[in-house]
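Worksheet: one structure, shown below.
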Amino acid sequence: MTSYTYSGEDDEGGIPDDTDSLIVAEAVQILPINFCRHHIHLQQVVLPSSLGCIPGHAFQGCEALREAMIPSTVTVIGDFAFSLCTSLTYVRFPEGLKTIGKNSFASCAFTHLRIPGSLAVIEENAFTGCVSLVEVELIDGLKMIGQDAFSTCSSLRELRLPSTVEVIMGRTHLETASI
Numbered sequence: 000m001t002s003y004t005y006s007g008e009d010d011e012g013g014i015p016d017d018t019d020s021l022i023v024a025e026a027v028q029i030l031p032i033n034f035c036r037h038h039i040h041l042q043q044v045v046l047p048s049s050l051g052c053i054p055g056h057a058f059q060g061c062e063a064l065r066e067a068m069i070p071s072t073v074t075v076i077g078d079f080a081f082s083l084c085t086s087l088t089y090v091r092f093p094e095g096l097k098t099i100g101k102n103s104f105a106s107c108a109f110t111h112l113r114i115p116g117s118l119a120v121i122e123e124n125a126f127t128g129c130v131s132l133v134e135v136e137l138i139d140g141l142k143m144i145g146q147d148a149f150s151t152c153s154s155l156r157e158l159r160l161p162s163t164v165e166v167i168m169g170r171t172h173l174e175t176a177s178i
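Written out as structure tokens, the structure reads:
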């Protein structure tokens, strides 16, 4: 296993391509956009409690990434942050999370998701193409579900909508087999 510790923007040369285990140092408060984009060998990442958001495209295309433990301090997951992480089977969404951006988890390998009550917005296409996704539990607090948020989730059997949802954009689960 090739492990690497990222200590901030001053890391010269960036994250080595063959890194399969990444630790982001506790002092890091901001990750750059495209932080680990297409690091195809990355299997695990440890994120610090100092992060407030996961930026757009941060882990997009990390095909070997299996799980993401989102720190409790993260309130926003940016657009395409974990899209095309085709081995990603588990994400722990923290209480305090407010927004899941566009295409954030498109084409991931989840079977079940539990979204915390602090979440207000699921943007368009957030979970599109998660073909292994069977069940989604959305807790009271959610206000808006974007267009095609769960489209082409062909295994989805149960999507529990909380009473707090005020806006459901068109085609929220288009092409979802048996909801």
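Going by numbering that gives the first Met the number 0, the sequence shown runs without a break in its numbering and finishes at 178.
Just so you know, even glycine gets a beta-carbon here, dropped at the ideal spot from N, CA and C.
Owing to the predicted nature of the structure, the values given are computational and were not obtained by experimental measurement.
Check whether residue i and residue j have beta carbons under 8 Å apart
i: residue 106; j: residue 83; result: yes
i: residue 95; j: residue 74; result: yes
i: residue 7; j: residue 26; result: yes
i: residue 57; j: residue 40; result: no
i: residue 142; j: residue 123; result: no
Beta-carbon proximity list for residue i, same chain, < 8 Å, skipping 5 on both sides
i: residue 169; result: 146
i: residue 2; result: 18, 19, 20, 21 and 22
i: residue 140; result: 115, 116, 117, 118, 119, 161 and 163
DSSP-derived helix/strand/coil call for residue i
i: residue 121; result: strand
i: residue 52; result: strand
i: residue 41; result: coil
i: residue 67; result: strand
i: residue 168; result: coil
i: residue 32; result: coil
i: residue 14; result: coil
i: residue 157; result: strand
i: residue 163; result: coil
Contacts around residue i, its chain only, beta-carbon distance under 6 Å, and the 5 residues preceding and following it disregarded
i: residue 67; result: 90
i: residue 135; result: 112 and 158
Residues sharing a beta bridge with residue i, DSSP
i: residue 137; result: 114
i: residue 21; result: 3 and 44
i: residue 75; result: 52 and 98
Residue environment, residue i, which counts as buried when at least 16 other CB atoms sit within 10 Å
i: residue 30; result: buried
i: residue 110; result: exposed
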